[in-house]
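Enquirer: So that we are looking at the same thing, I have put the structure below in structure tokens.
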Amino acid sequence: MATASNESGAPTHVLLTNDDGYDKEGLQALRAALIAAGFRVTVMAPAANKSGVGRGVTCHGPVVVRLHDDDGHGNRVYSCAGTPADCVRVAVLSDVIDPVDVVASGINHGVNMGDDSTFSGTIGAALEGALLRIPSIAFSQQDDAGDISMVSRGAHHFLATDLAVRATRTLVENPPPPRVIASVNFPHGVKEPAVQKAQLSPFSYQRNWTPAEMLSEDSWNVWAYAKPGHPDPEVNTSAGTDYAAVIGGAASVSAVRADWDGLSDAPTGVNAWLDAFVARLGAPGL
């Protein structure tokens, strides 16, 4: 496998973030794999769990950044008392860390597929990187029980870190078009899953009625997303969708655009880039 280096010959510098928190297992597993593959890795991730905040940012004051670990070889771990997008912004737009070559977000504890992707802080961080003109990728892991909900409360085993490393390397070598990220969802229990190009499942979010819990005459507890033990909403598992790929035991790879104007078709080159990206991920010896 080729050494992970940029055009200057220095190790490729990865900004690694997530929305679960800087000390969570998915991020730590990916960090270890990237460092072992020769990347320089700087973690800038939330100090606390920030799942479901999308691309939200802190607008009304500064955020506190703390250094937690420095291995002496340029690989540092910072926490940021803000959102995932804040983490990317303070890393890229301040002088706290050196310039980075690529943003990797994850590995998230739980999948980020279909319409639920718009909730995701994991996706939001990668989109922030893309908007700052840095090649960016998001990784998410299905839990061991095979749940397909964004809110995953089960155990996770992060087996596909080798594939995540290859995807990061491929993204650096073949970056996406402007304002586009790659989103990868790993199925549970598979170390080397097949890789499938997939569209975000349309109309996947269904109204899933949950009774409110009355607290008093004028107040209620209401679950806005997913009550523990409540069935997952029905989703579109048509062939070619991210849900179909992951349910079938493959890793889904999707292109997610930051352009939400609703007026223009997908820019020329997005599909061609995604085809080439997926083909390279499936190539032996990469």
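Using this note's numbering, the first residue of the sequence shown is number 1, and each one after it goes up by one.
In this text, a Cβ means the ideal position worked out from N, Cα and C, and glycines have one as well.
Going residue by residue through the stretch 184–249, where are the continuous beta strand (DSSP E) segments of at least 3 residues, counting only ones entirely within it?
Expert: You should have 195–197, 213–216 and 219–221.
Enquirer: Determine the contact status of Gly56 and Ile107, defining contact as a CB-CB distance below 7 Å.
Expert: Mapped onto the sequence shown, residue 56 falls at position 56. Mapped onto the sequence shown, residue 107 falls at position 107. Cβ atoms of Gly56 and Ile107: not closer than 7 Å.
Enquirer: Identify whether Thr17 lies in helix, strand or coil by the three-state DSSP scheme.
Expert: As a first step, residue 17 is located in the sequence shown; it is residue number 17 there, counting from the start. The answer is strand: DSSP assigns Thr17 an E or B state.
Enquirer: Which first and last residues belong to the beta strand (DSSP E) in which Asp69 is found?
Expert: Stepping through the sequence shown from its first residue, residue 69 is reached at position 69. Run containing Asp69: Val65 to Asp70, per the beta strand (DSSP E) assignment.
Enquirer: Tell me whether the beta-carbon of Ala250 lies closer than 7 Å to the beta-carbon of Val184.
Expert: Numbered from 1 along the sequence shown, position 250 holds the residue referred to as residue 250. Numbered from 1 along the sequence shown, position 184 holds the residue referred to as residue 184. Not closer than 7 Å, so no.
Enquirer: Is it a yes or a no for the stretch 117–136 touching the stretch 37–56, going by three-plus beta-carbon pairs under 8 Å?
Expert: Touching, per the Cβ criterion.
Enquirer: In the DSSP assignment, find the unbroken beta strand (DSSP E) run with Gln141 in it and report its ends.
Expert: As a first step, residue 141 must be located in the sequence shown, where it is residue number 141. Segment Ser136 to Gln141, the beta strand (DSSP E) holding Gln141.
Enquirer: Looking only at its chain, what residues have a beta carbon closer than 7 Å to the beta carbon of Gly229, apart from the 5 residues adjacent to it on each side?
Expert: Residue numbering aside, residue 229 sits at position 229 when the sequence shown is read from its first letter. Cβ neighbours of Gly229 beyond the five flanking positions: none.
Enquirer: Select from Glu213, Ala194 and Ile137 the residue whose C-alpha is nearest the C-alpha of Pro177.
Expert: Here residue 177 refers to the residue found at position 177 of the sequence shown. Residue Ile137 is the option with its Cα nearest to Pro177.
Enquirer: Would the beta-carbon of Val92 be found less than 6 Å away from any heavy atom of the ligand PLP?
Expert: In the structure on display, the ligand PLP does not appear, and there are no ligands present to speak of.
Enquirer: Closer than 8 Å by C-beta to Pro175: which residues in its own chain qualify, once you throw out the five before and the five after it? Chain order, please.
Expert: The count along the sequence shown starts at 1 and reaches residue 175 at position 175. Excluding positions up to five away in sequence, the list reads Pro135.
Enquirer: Taking the beta strand (DSSP E) that Asn108 belongs to, which residues open and close that run?
Expert: Translated into positions along the sequence shown, residue 108 becomes position 108. Element bounds for Asn108: Val102 to His109.
Enquirer: With DSSP as the reference, label Thr12 as helix, strand or coil.
Expert: On the sequence shown, residue 12 is found 12 positions in, with the first residue counted as 1. Coil at Thr12, not helix or strand.
Enquirer: Please report how far the alpha carbon of Ala224 lies from the alpha carbon of Gly154, in whole angstroms.
Expert: Mapped onto the sequence shown, residue 224 falls at position 224. Mapped onto the sequence shown, residue 154 falls at position 154. In a straight line, the C-alpha of Ala224 is about 20 Å away from that of Gly154.
Enquirer: Note down the Cα distance separating His38 from Tyr22, rounded to an integer number of angstroms.
Expert: Against the sequence shown, residue 38 aligns to sequence position 38. Against the sequence shown, residue 22 aligns to sequence position 22. The question names His, but residue 38 is Gly in the sequence shown. Cα-Cα distance, rounded: 21 Å.
Enquirer: Just mark Pro62 as buried or exposed, buried being the case when its beta carbon has 16 or more other beta carbons within 10 Å.
Expert: Numbered from 1 along the sequence shown, position 62 holds the residue referred to as residue 62. Exposed, by the Cβ-count rule.
Enquirer: Quick one: grab the DSSP three-state call for Ser254.
Expert: In the sequence shown, the residue the question calls residue 254 occupies position 254. If DSSP states are grouped into helix, strand and coil, Ser254 belongs with the strands.
Enquirer: Expressed to the nearest angstrom, what Euclidean distance is found between the alpha-carbon atoms of Leu16 and Val41?
Expert: Here residue 16 refers to the residue found at position 16 when the sequence shown is read from its first residue. Here residue 41 refers to the residue found at position 41 when the sequence shown is read from its first residue. For Leu16 and Val41, the distance between alpha carbons rounds to 7 Å.
Enquirer: Given that a residue counts as buried once 16 or more other Cβ atoms are within 10 Å of its Cβ, and exposed if not, what is Met1?
Expert: For the purposes of this step, residue 1 is taken as residue 1 along the sequence shown, with counting starting at 1. Low local confidence applies: a pLDDT of 48 at Met1 is under 50, so the model's placement there is unreliable, with the coordinate-based value given in what follows. When all chains shown are included, Met1 counts as exposed.
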